[in-house]
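S.K.:
Protein chains: 2
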Amino acid sequence: MSALDSRSESGATPRRTRVTDPEPVSVTLQDVATEARVSLATASRALNGGSRGVRSENRDRVLAAAARLGYVPNASAQATAKGSTQTVALVVSDVADPYYSAIAAGITDAAEANGLVVTMTVADRSPRRELELVRGLRGHRPQIIVIAGSRIDDGATERELIDELAQYRATGGRTALISQPGLPFPTVTVDNARGAETLARTMAEAGYRRYAIICGPNRIRTSLDRCRGFTAGLRASGIEAEDQVFIQTQFTRSGGYDAACELVERGLDGIELIFAVSDTMAIGVMTALRDAGLEPGRDVAVAGFDDISSAIDVVPALTTVEVPLREAGTEAVRLALSDDENRTVRIPTTVHVRASTPRAPTSSPAPTGPST
Amino acid sequence: MSALDSRSESGATPRRTRVTDPEPVSVTLQDVATEARVSLATASRALNGGSRGVRSENRDRVLAAAARLGYVPNASAQATAKGSTQTVALVVSDVADPYYSAIAAGITDAAEANGLVVTMTVADRSPRRELELVRGLRGHRPQIIVIAGSRIDDGATERELIDELAQYRATGGRTALISQPGLPFPTVTVDNARGAETLARTMAEAGYRRYAIICGPNRIRTSLDRCRGFTAGLRASGIEAEDQVFIQTQFTRSGGYDAACELVERGLDGIELIFAVSDTMAIGVMTALRDAGLEPGRDVAVAGFDDISSAIDVVPALTTVEVPLREAGTEAVRLALSDDENRTVRIPTTVHVRASTPRAPTSSPAPTGPST
DNA sequence: TTGAAAGCGGTACCAT
DNA sequence: ATGGTACCGCTTTCAA
């Protein structure tokens, strides 16, 4: 009803260049065609197919008309007509988390390079919400759906998610996951285990013997993988299990803080290095140590994981494992677009040794407490 | 061509519930209608208008059929038919920047609360790119376009942007800007000037007399406003211009680092407090000071702006001005949806005094260099 | 209450 | 090279 009233049928009213009229309806391709005195079909060709099969004179007239009228093609209409859109749908657990915003940045880069726009939705770390989002997103018929988020063990929901994605793919959709491998779809995986392992070996080589390992809930695969990788690295370096203390806590800064407090309370007992499975947690650890009168890096070494930007700004600078999140994002788009069925791409990590783990640890036989 | 081959015209083939077939076409409303033995129109009503005018028996059959078939409405088709979409388009300068990702989080919250999905695009801090994006976005006919980013003075592009947004609004679109006021559209503004002014007054009250102010390029309004606000606060507190040193640099961490180096090199000359117009810069300043053998907070006080999360994790904890970015985001959506034409909403800020500006400054007359 | 049919803004095939 | 037109999937009159 809104589209019929104020528009001329076929040049009945003289065309006017003025934009001043308060006409509430946007310019359509038909308007452009009329203005350029060509058919709808020709206008479409002129605007899309380059110069393919349109006399340049006509093409110019169409282009001019479009510009004059301020024509912007209706993406939805194009999508319905073509049966496909030019978008990539991204589901992240949390935008405000630098981890995911870095991934989002990578995806946005890659998408724009391919002429796609990104639609982003936030699952709030809930598998349930994630599922709902994917379901809704399917309705937008995006070219690609990318889901970024650590798998959280939750059988039923996971199965439904797999169904949903499978249906999506069955109808020609493309997908990529950024998380742990295990789901039957193309997956970009950060090599958490190997990164943690390398870190552990490096620390062992630097002379550290007694460790505390602070990790998050085991349901969170990212945490678990890093934890396991680290202990694997220690084992390979000949560090006994009795020289490893584990604390499980929240996967957050305050989780790290609390764990470190607990550690200090019960007595450090010769622990030389505290490894927290994320930088955020590690920073909490450092603050807790300092609050307890201990100097991180001198009294106890601290290491983290992620290499978030503030890792180099805390004091002492934090030893950590760099995760190229942005690359993970671009890689996900590449993978989804490629025809590699169900491939898993591992993104390598890099260890950065900094001041929080000085080369020479506090020598070896210090059975009771830190240096005071 | 892909849509015609494998689908039955009107129940010629018996319907099957199996999903195993490799049929590359998705389920349409027509399929659901046929399956439920009602007309297209009735199916549409059943799925949309609640129970309005559909016999409950039929409605149930439609719903069942839809569920059985895994029907997901085609958002693009709905959009073309209805002439409007259920999306809010967000243009940010940089997702990876916590400043914008916090805003994005707020917008996402508000959008989802209103049943809208967010499409996010990144302008890379380029006004030109921003303009192109808005132009492209218009094609998606979003309900709302939100642009988040400090205005950058650039006359021509700005004018074009205004045109583009005006056309968008003329065709029924809604907009909100998160930036400085000045453009003829509803705007959410962080009260940078007032925040900086309050900070300055607080610091003056704490006893600081001699200041260095490190800011970014004047083109960036956010920087300029904070700078001006700070000096206004100093002036109001009776601090003379001769007690204020200005350094202009990049609006980044390394900009802050460099500026602090310069400051140290030329001799601190009694400067008691360094104010950097963003936390990121302030953190660069702190690292530079430390690298130069000075202890931030003891030898020179440091203050920033934004209250990014790492502000409390650096040592000493950084005095700064909190900006409720997430609220700015939600407010923008609210504003766009409301019918307040061209209103400007100011978001208030909060000063947090921390260890980087201890109460008692290093007394007064120390004309040459820092304490050594 | 229901179904037929006319759009929505485009795309792409088919003649000419 | 160009125009006519069927069609994309869905919404919404308009009669029945």
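Protein chains in written order, with full-length UniProt numbering: chain X, 1 to 372; chain G, 1 to 372.
By construction, the Cβ of each residue, glycine as well, lies at the ideal position given by its N, Cα and C atoms.
Note that the coordinates shown come from a computational prediction; the quantities given were computed from them, not determined experimentally.
What did DSSP end up calling X:Thr222 once you bin it into helix, strand or coil?
M.R.: Here X:Thr222 sits in helix by DSSP.
S.K.: Are X:Ala200 and X:Gly233 closer than 7 Å when you measure CB to CB?
M.R.: In contact: X:Ala200 and X:Gly233 (Cβ atoms closer than 7 Å).
S.K.: Pick helix, strand or coil for X:Phe230, following the three-state DSSP scheme.
M.R.: In the structure shown, X:Phe230 sits in a helix (DSSP, three-state: H, G or I).
S.K.: Which word fits X:Glu205, buried or exposed, when buried means at least 16 other C-beta atoms lie within 10 angstroms of its C-beta?
M.R.: Label assigned to X:Glu205: exposed.
S.K.: So the beta strand (DSSP E) G:Arg55 belongs to, where does it begin and stop?
M.R.: That residue, G:Arg55, is in no beta strand (DSSP E); it is neither H nor E in DSSP.
S.K.: Quick one: which unbroken beta strand (DSSP E) runs of 3-plus residues sit fully inside the region 124 to 169 of chain X? Chain order, please.
M.R.: For the region 124 to 169 of chain X, whole beta strand (DSSP E) runs of length 3 or above, ordered along the chain, are 144 to 148.
S.K.: Using a Cβ-Cβ cut-off of 7 Å (strictly less than) and excluding sequence neighbours within five positions of G:Ala105, which residues of its own chain qualify?
M.R.: So the qualifying residues of the chain are Arg326 and Gly329.
S.K.: Pick from X:Ala156, X:Ile178, X:Ser179 and X:Leu183: whose alpha carbon is nearest that of X:Ala166?
M.R.: Ranking X:Ala156, X:Ile178, X:Ser179 and X:Leu183 by Cα distance to X:Ala166 puts X:Leu183 first.
S.K.: Taking 6 Å as the limit between beta carbons, can you name the residues of its chain near G:Ala355, skipping five residues before and five after?
M.R.: Same-chain partners within the cutoff: Gly297, Pro316 and Ala317.
S.K.: Check whether the region 113 to 132 of chain G touches the region 342 to 349 of chain G, counting contact only when three or more Cβ pairs, one atom from each stretch, lie closer than 8 Å.
M.R.: No, the region 113 to 132 of chain G does not touch the region 342 to 349 of chain G.
S.K.: Check X:Ile274 in the structure and name its three-state DSSP category.
M.R.: Residue state, collapsed to three classes: strand.
S.K.: Nearest to G:Pro358 by alpha carbon, out of G:Val72, G:Glu322, G:Leu273 and G:Ala292?
M.R.: Of the candidates G:Val72, G:Glu322, G:Leu273 and G:Ala292, the one whose C-alpha sits nearest the C-alpha of G:Pro358 is G:Leu273.
S.K.: Output the distance between the C-alpha atoms of G:Gly11 and G:Ala67, rounded to the nearest integer angstrom.
M.R.: Reliability of the predicted coordinates at G:Gly11 is poor, the pLDDT of 35 falling under 50, and the value obtained from them is presented with this limitation in mind. Distance between the alpha carbons of G:Gly11 and G:Ala67 is about 19 Å.
S.K.: Rounding to the nearest angstrom, what Cα-Cα distance links X:Cys215 and X:Gln248 in this structure?
M.R.: Near 5 Å, if we compare the C-alpha coordinates of X:Gln248 and X:Cys215.
S.K.: What separation, rounded to the nearest whole angstrom, lies between the Cα atoms of G:Thr119 and X:Leu137?
M.R.: So the alpha carbons of these two residues sit roughly 11 Å apart.
S.K.: State the start and end residues of the unbroken alpha helix (DSSP H) segment that holds X:Ile103.
M.R.: It spans Pro98 to Ala113 - the alpha helix (DSSP H) in which X:Ile103 sits, taken as one unbroken run.
S.K.: So, at 7 Å on beta carbons, what are the nonlocal neighbours of X:Asn192 in its own chain, with the 5 sequence-adjacent residues on each side left out?
M.R.: If we look at X:Asn192 and ignore the five residues flanking it on each side, its Cβ neighbours are Thr222, Asp225, Arg226 and Gly229.
S.K.: Under a three-way DSSP split, which group does X:Leu90 fall into?
M.R.: Correct three-state label for X:Leu90: strand.
S.K.: On the premise that X:His140 lies in contact with X:Thr85, defined as a C-beta separation below 8 Å, what is that separation, rounded to the nearest angstrom?
M.R.: Right, their Cβ atoms sit about 7 Å apart.
S.K.: Straight-line CA distance for G:Thr287 to X:Asp243?
M.R.: Each residue's alpha carbon lies about 35 Å from the other.
S.K.: In chain G, which residues lie with their C-beta within 8 Å of the C-beta of X:Arg141?
M.R.: Result: Ser26, Asn74, Ala75 and Ser76.
S.K.: Quick one, are the C-beta atoms of G:Val91 and G:Thr121 less than 7 Å apart?
M.R.: Closer than 7 Å, so yes.
S.K.: Mapping the DSSP letters down to three states, classify G:Gln250 as helix, strand or coil.
M.R.: Correct three-state label for G:Gln250: coil.
S.K.: List, in order along the chain, the chain G residues whose C-beta lies closer than 7 Å to that of X:Ala104?
M.R.: Neighbours of X:Ala104 on chain G, chain order: Val95.
S.K.: Here's the rule I'm using: 16 or more other beta-carbon atoms within 10 Å means buried, otherwise exposed. How should G:Ser338 be labelled?
M.R.: By the 10 Å Cβ count, G:Ser338 comes out exposed.
S.K.: If distances are taken between C-alpha atoms only, which option among X:Ala301, X:Asp299 and X:Glu322 comes closest to X:Ile308?
M.R.: When only C-alpha atoms are compared, the closest one is X:Glu322.
S.K.: Taking the continuous alpha helix (DSSP H) assigned at G:Arg326, which residues delimit it?
M.R.: First-last of the alpha helix (DSSP H) with G:Arg326: Leu325 to Leu337.
S.K.: Any beta-carbon of chain G closer than 7 Å to the one on X:Met120?
M.R.: So, interface residue.
S.K.: How would you list, in chain order, the residues of chain X whose beta-carbon sits under 7 Å from the beta-carbon of G:Gln167?
M.R.: Within chain X, the residues near G:Gln167 are Gly70.
S.K.: Can you give me the C-alpha to C-alpha distance between G:Val353 and G:Ala196, rounded to a whole angstrom?
M.R.: Rounded to the nearest angstrom, the two C-alpha atoms are 13 Å apart.
S.K.: Evaluate the contact criterion for the region 154 to 165 of chain X versus the region 94 to 110 of chain X: three or more CB pairs, one atom per stretch, below 8 Å.
M.R.: Taking 8 Å as the limit for Cβ pairs, the verdict is that the region 94 to 110 of chain X does not touch the region 154 to 165 of chain X.
S.K.: Please classify X:Leu268 as buried or exposed, where buried requires at least 16 neighbouring CB atoms within 10 angstroms.
M.R.: Buried is the call here.
S.K.: Considering only the beta carbon of each residue, do X:Val65 and X:Glu112 sit closer than 7 Å?
M.R.: It is Ala, not Val, that sits at residue 65 of chain X in the sequence shown. No, the Cβ-Cβ distance between X:Ala65 and X:Glu112 is not below 7 Å.
S.K.: Who are the near neighbours of G:Ile220 in its chain, counting only those whose CB is closer than 7 Å to its CB and skipping five residues on each side?
M.R.: These residues qualify, in order along the chain: Ser150, Ile152 and Phe251.
S.K.: Looking at C-alpha atoms only, which residue of G:Ala89, G:Pro142, G:Val188 and G:Tyr208 is the closest neighbour of G:Gly83?
M.R.: Of the listed residues, the one whose Cα sits closest to G:Gly83 is G:Pro142.
S.K.: Alpha carbon to alpha carbon, what distance is there between X:Met281 and X:Arg169?
M.R.: One C-alpha to the other measures close to 38 Å.
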